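Protein chains in written order, with the numbering used here: chain A, 112 to 273; chain B, 14 to 641; chain C, 11 to 147; chain D, 743 to 900; chain E, 14 to 372; chain F, 43 to 333. Comments concern the structure below.
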Ligand code: NFV
Ligand code: SF4
Ligand code: SF4
Ligand code: SF4
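This is how it looks when you write it as structure tokens:
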């Protein structure tokens with residue numbers, strides 16, 4: 112059974128967003144969108160989460176935090192960058208304190224465009240993430256069977272794309 | 014016949030010997046080691062020879078011995094008086110004088126001096142007590158041999174008076190044996206006074222102002238009980254009653270209720286029941302073996318010993334019920350107060366007070382099942398508490414603190430000591446360990462009396478669960494790497510802790526046997542009934558025990574390459590090492606984890622006041638009841 | 011519009027505490043403290059009471075001269091002062107809550123003290139003396 | 743003040759009895775408004791590669807290539823501010839009210855533009871319509887941190 | 014130090030939707046010391062004025078924050094307009110007022126939900142956010158965005174709202190308002206809510222004023238201060254009374270915000286039917302030169318925009334002092350001696366908006 | 043009950059309790075969602091979650107965590123088996139306490155501040171609820187003269203008649219045991235917490251699943267305890283359980299989380315009033331009205 116499809120638990124971290132995407136992520140949980148229909152719970156604890164939703168770009172101070180959260184999530188895990196800021200740094204990419212999108216710090220699996228990303232888009236993004244979760248789960252199993260060492264979970268740190 | 018006498022006089026003789034040659038460390042430790050071994054062996058031998066036998070009474074030539082007894086009595090009084098006068102303790106002086114006056118009236122008051130045909134006796138309960146004194150006491154002395162040099166190493170300001178220390182300890186052991194073998198109330202009282210004296214000497218061992226103060230406190234409060242005891246003897250003599258324990262118990266409730274109440278009152282002081290509990294807390298200044306020996310496993314048990322002895326008298330009387338209430342109050346409040354304590358020895362002290370309270374409650378209720386519970390409580394408590402005191406003492410030497418908070422991660426710093434503490438704690442409150450078995454029985458037995466008592470037990474034991482668990486948690490929690498620990502633990506300490514740990518666990522397995530071999534005869538003798546423990550319950554308890562024993566095996570499974578070790582959750586603010594985080598100001602800061610002490614609810618001062626008030630009120634009611 | 015009147019007062023650093031104290035006596039509230047990087051550094055203290063907004067302007071040639079903190083008069087001023095310290099490198103003495111340069115942990119120290127990029131504004135004069143951003147202590 | 747009892751119980755039971763407010767999204771969706779800003783689309787036939795949208799886009803999401811004759815947009819940069827639509831002189835850009843779907847790879851949508859600059863005039867192409875007067879015809883290039891664009895259609899980042 | 018626990022609270026923390034961090038020193042569960050730290054969202058967008066011209070900067074101003082986005086855009090434009098001496102068309106003023114109030118309602122309703130979440134009242138959170146969607150619908154229909162309005166521009170508004178739509182809005186709002194009553198009654202009357210709010214995080218009138226608290230924080234401590242009385246946009250033509258409570262605790266702040274929601278509905282009832290016809294924007298010529306301090310009322314209180322132009326398209330300095338920033342010192346004061354369980358509640362009752370505070 | 047019946051009952055409990063509790067949890071989530079105006083997850087969601095958790099990577103802060111959790115699960119099951127095989131009620135309660143202590147110790151051992159605070163709060167919750175549990179046992183004893191569940195179950199008259207206070211008290215602490223608002227101090231199912239996930243913060247993946255499983259067993263056990271009050275009338279009993287569970291959900295949805303002080307004080311006071319009160323009244327009635 113594809114269990115990860117049915118029970119993806121999320122954690123949301125606000126890298127350095129303007130709050131616009133943030134409150135849209137929260138809005139997903141509320142009655143109008145109610146993502147619990149899809150088995151999604153906002154755990155608030157990286158150790159319980161499968162999907163990391165990050166809004167906002169990364170700055171000096173949030174970088175180690177994002178890394179820690181990512182590191183503390185058990186495999187399989189998926190990162191969804193929500194909003195333009197998280198995807199590319201958006202309108203703030205020229206600021207002195209930005210390090211760029213989330214992919215400057217950890218590998219991103221799904222980019223959700225929109226400024227602010229709409230709840231519908233966020234749901235779409237999470238749904239895409241579900242397939243990736245299943246895939247990663249399968250890879251994990253294969254690895255375990257092959258007794259291969261787990262790949263280093265910490266991302267190749269300073270790979271700044273674009 | 015010979016064994017009890019041997020058990021009484023051997024330690025006394027050894028005490029004398031130690032007083033003479035104890036100045037030399039080698040001689041002292043050799044004598045103490047031999048002494049502890051002999052005492053333990055003697056107690057075991059006594060057990061073996063009395064197994065499945067009825068109570069034996071030893072007819073001695075009492076009138077021949079009485080001058081000697083009287084002489085010792087006078088000697089004790091003089092010693093106490095000297096102590097009181099030298100310490101300028103007015104109240105103590107008055108109490109000693111009052112006691113002397115009462116006893117003088119007994120001896121010289123012109124009454125027919127009651128004869129006790131058999132001043133000594135042994136029954137299965139005395140044997141149980143003797144086992145505790147001999148085996149647990151012996152182990153504690155063994156521990157002390159290794160412990161005391163370390164103690165002096167740590168407390169360099171304290172003058173080394175180990176000679177008198179070990180002498181007092183053996184004096185105490187002798188007195189204690191005498192106490193449990195005495196059938197003659199006068200003899201019992203003498204032994205009682207000697208233990209009080211030893212307690213005074215040992216509490217004040219370090220001679221610091223605090224120790225001296227607390228030693229006097231102990232003396233004072235215990236003497237209040239002593240006066241009551243003497244009063245009881247006088248009452249018996251005046252009313253022409255017997256001074257033989259067995260005859261008093263046999264004489265039925267109506268006749269002897271007043272003296273029994275007085276003796277039990279003395280028992281309250283000795284067992285540090287509220288409102289007299291403060292001395293036991295003060296006694297914690299003494300070295301740990303003293304706390305273990307006198308203030309948890311043996312001497313304070315003398316207090317509850319008289320309760321158990323007189324349980325048939327107290328049964329179903331208002332007096333008994335009031336005593337039960339005092340015990341229940343003590344159990345409830347002492348358990349609650351323990352929550353607010355972070356000093357390990359104070360926690361142990363409060364827990365001791367609480368458990369003695371529970372025993373008092375059971376014994377005062379006095380039905381067969383309750384007494385069964387009381388005796389088992391005495392056994393389990395003596396073993397587990399002794400273990401805890403000794404282990405805390407050793408831990409204190411290795412980490413330099415007796416604060417629970419400093420025991421953080423002891424499991425990785427001092428695994429064996431930590432394990433001993435954990436076993437001791439588990440023995441105190443977890444199923445299927447002993448204390449819980451007896452609590453189980455206690456609740457059922459108390460239900461038959463008055464629901465107020467088990468209600469207090471229910472609340473109190475919930476409180477015990479809180480402080481024990483958090484202590485265990487502290488030992489198990491590993492936040493930081495092990496900070497350096499001081500001094501090694503001596504061989505003797507290790508032995509003692511190992512045996513006591515084994516005993517704590519072993520008792521859980523063999524208590525059904527103890528129950529039927531030793532407790533049953535006692536109950537049959539006094540009540541004619543014995544409630545068998547439900548077999549299914551024993552079975553499930555054994556299963557639980559086996560599982561607990563088996564669970565640590567899962568820790569052996571180390572070949573767990575699938576487990577990824579990661580940092581704890583710190584809101585994402587982790588910095589490299591596991592206990593550091595990025596603070597608001599500065600670069601790194603360590604997390605600190607401390608237990609809860611819930612002082613706003615369980616604050617010592619507030620609850621003590623309530624507890625003292627309640628128990629005092631109960632004692633006032635008792636006085637009214639007794640005098641009408 | 012019944013907008014309050016706004017007045018600007020130019021003061022020197024040593025007049026600051028006195029001026030602020032008289033604002034407090036007048037019953038004003040501290041509205042904000044703002045630092046600007048122009049050719050010089052400019053610190054603007056704004057106070058308000060009903061119907062009035064008053065600004066105290068201090069011009070500083072560079073960001074090396076420390077300013078006295080007004081946090082003993084207006085307890086809330088530490089937030090602004092720490093912020094200015096971290097963004098402009100200006101030091102304030104006598105802060106009641108001192109973040110020691112950890113208020114905003116920026117990628118580069120004192121980023122706002124860097125003058126505007128000259129080619130961006132054809133009309134803007136380049137700053138008289140480009141001041142190297144001060145390191146956080 | 744008098745407190746009404748059970749205020750929350752009423753709300754909770756009320757909700758229990760009412761139909762849920764949920765619009766079960768992937769299955770069903772709330773209609774979008776005409777005004778909703780979703781994504782930018784282009785009528786490439788109209789575009790004359792005048793570069794204004796490229797220059798004025800606040801995030802630099804649009805890249806117009808006059809030699810390669812393409813109009814490209816990085817939808818992960820576009821903040822749907824509608825500015826390009828406002829400034830496009832040919833009114834060939836439009837803000838649709840549907841959103842870009844999330845993507846797993848960064849990509850840039852490149853649209854070939856059929857526009858051929860009028861041959862006779864060698865001048866740089868001037869927009870047919872005059873630019874809005876509040877804007878200078880030659881906007882100053884904002885000094886941007888990195889104005890470089892990825893012109894690959896697919897730039898894998900994972 | 015004996016029995017004190019030191020823990021980091023945040024930056025990632027489920028009850029704080031935004032990253033802020035507190036060094037908490039607690040004893041049992043009493044907070045002995047709490048020092049907040051900032052900078053997780055600091056972008057430094059004020060410096061972007063050097064790179065974006067003053068018209069484009071409106072987009073950035075709107076993205077200072079996604080909650081109070083509209084007023085940011087509008088406040089920035091208002092400041093620039095004043096510097097440039099522009100009087101915007103009347104219809105634009107009224108539309109700005111309408112959007113401001115819509116933004117206030119959505120912000121306060123959102124906050125009510127978050128507050129409920131902070132004291133573990135999931136259902137109440139859901140109830141608030143369910144109703145908030147009704148407001149967001151109105152916002153989206155009129156401005157095109159749910160949270161980022163994108164409707165402010167120097168010289169007026171970027172889009173007009175058709176009259177038929179304007180005529181429809183009051184009914185939509187009325188429906189939300191009616192349902193909201195039941196929910197706000199819970200905040201007012203529910204036992205457990207009052208347990209968690211009454212007497213918690215008390216801030217005296219004097220402290221609030223001295224420490225520079227603004228907005229509902231200040232008004233809940235008994236100071237009647239509301240920048241809308243300054244009469245910007247169309248506020249000079251409508252009735253606004255500052256809403257004041259005196260208790261100064263979390264409950265008072267909640268009440269202030271709740272009453273402000275209804276006040277905003279009331280204002281909208283005055284505004285929407287009275288939006289005058291006419292253009293919504295005007296041509297801008299030239300560049301700003303000079304400086305101005307604009308003061309507006311955000312949902313969280315008084316916000317300051319300082320604009321200094323030098324006659325070019327690029328401003329010399331843009332500065333925004335947001336209400337959250339001003340409310341930080343009082344927050345520190347309130348956190349002392351509270352319960353651990355109160356920490357999120359107290360933090361939330363200043364209605365923290367970190368992206369606003371750190372910019 | 044003879045031995046085979048007992049063994050059968052034990053196995054049935056082990057096999058069926060998770061299914062029952064899981065379904066109940068699913069139902070709980072749906073009803074909660076409806077009370078919040080949402081659709082909510084599918085009925086089987088708790089099972090999806092559980093199985094997914096078992097598939098996750100295993101991470102931990104140290105190597106001793108699983109030991110304690112194993113103890114937690116094991117002794118919860120033992121408590122349940124003891125109960126459903128008609129064993130001794132007090133032993134059941136003690137075993138349950140032992141299980142909780144294992145859980146708490148696991149969280150302590152993790153050495154992380156959040157799980158530590160969670161553990162302390164869990165202890166407070168245990169301390170708040172334990173007296174009532176013990177008193178329920180005492181109540182049964184006074185009413186039936188035995189702690190044996192078999193005997194209590196076989197009682198011809200429903201115990202609710204003599205022990206209404208106990209029933210109320212048990213419902214009260216059920217709220218604590220089910221970790222429902224306003225008593226979800228140590229951890230909570232979904233609503234956010236000042237201490238994140240509290241006691242479960244450091245347990246991830248399979249470990250979390252073990253906790254969930256143990257919690258399910260515990261839930262069934264507690265419901266079984268409630269059932270005893272109506273034992274002679276099974277239909278009424280089931281109806282009562284449904285009503286009680288609904289009330290729990292309602293309470294969860296209509297209350298804020300309260301302080302530990304409040305929880306402890308209120309629980310002990312309530313226990314003293316309804317529990318001890320009932321016990322004492324019953325005691326004197328049984329004595330024939332002569333105190
Ligand atoms: N209201 C508001 Fe803001 C502004 N300005 C504030 O702190 O929310 Ni993001
Ligand atoms: S993408 Fe837009 S709405 Fe989202 S955080 Fe960035 S600026 Fe805010
Ligand atoms: S909408 Fe705005 S961000 Fe998007 S392409 Fe157009 S101008 Fe650029
Ligand atoms: S502004 Fe319009 S016409 Fe010019 S390049 Fe862009 S899309 Fe084409």
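Virtual Cβ for every residue (Gly too), placed ideally from N, Cα, C. Model, not experiment: these values are computed from the prediction.
Asked	Found
Closer than 8 Å, Cβ to any Cβ of chain D: which residues of the stretch 220–232 of chain A, in chain order?	220, 221, 222, 223, 224, 225, 226, 229, 230, 231 and 232
Verify the contact flag: residue 234(A), CB atom, against every heavy atom of ligand 1, threshold strictly below 7 Å.	no
Can you tell me whether residue 132(A) sits near ligand 2, meaning its C-beta is under 7 Å from at least one heavy atom of the ligand?	yes
Report yes if the CB atom of residue 210(A) is closer than 8 Å to the CB atom of residue 174(A), and no otherwise.	yes
Measure the CB-CB distance between residue 131(B) and residue 196(B) and report whether it falls below 8 Å.	yes
If we count Cβ pairs, one from each stretch, closer than 8 Å, do we get three or more for the stretch 513–529 of chain B versus the stretch 388–398 of chain B?	yes
Do you know offhand how far residue 43(E)'s Cα is from residue 613(B)'s?	10 Å
So is residue 178(F) buried or exposed if we call it buried at 16+ other beta carbons inside 10 Å?	buried
Apply the 10 Å Cβ neighbour rule to residue 349(E) and answer buried if 16 or more other Cβ atoms are within range, or exposed otherwise.	exposed
Alpha carbon to alpha carbon, what distance is there between residue 528(B) and residue 137(E)?	58 Å
Per DSSP, which one or two residues make a beta bridge with residue 167(A)?	127(A)
When you measure from the CB of residue 112(E) to every non-hydrogen atom of ligand 4, does any distance come out below 7 Å?	no
If we count the other Cβ atoms within 10 Å of its Cβ and call it buried at 16 or more, is residue 785(D) buried or exposed?	exposed
Would you say residue 763(D) reaches chain F, if we count a Cβ-Cβ gap shorter than 8 Å as a contact?	yes
Would you mind reading off the limits of the beta strand (DSSP E) that contains residue 781(D)?	781–784
Determine, using beta carbons only, whether residue 176(A) comes closer than 8 Å to chain B.	yes
Excluding the 5 residues preceding and the 5 following residue 283(E) in the sequence, name in chain order all residues of the same chain whose CB lies nearer than 8 Å to its CB.	251 and 252
Beta carbon of residue 292(E): closer than 7 Å to some heavy atom of ligand 1?	no
Is residue 45(C) near ligand 3, in the sense that its beta carbon is under 7 Å from a heavy atom of that ligand?	no
Quick one: Cα of residue 25(C) to Cα of residue 85(E), how far?	34 Å
Identify, in the order they occur along the chain, each residue of the same chain with its Cβ nearer than 8 Å to the Cβ of residue 822(D), setting aside the five sequence neighbours on each side.	779, 780, 781, 782 and 837
Going by beta-carbon coordinates alone, are residue 262(E) and residue 228(E) separated by less than 8 Å?	no
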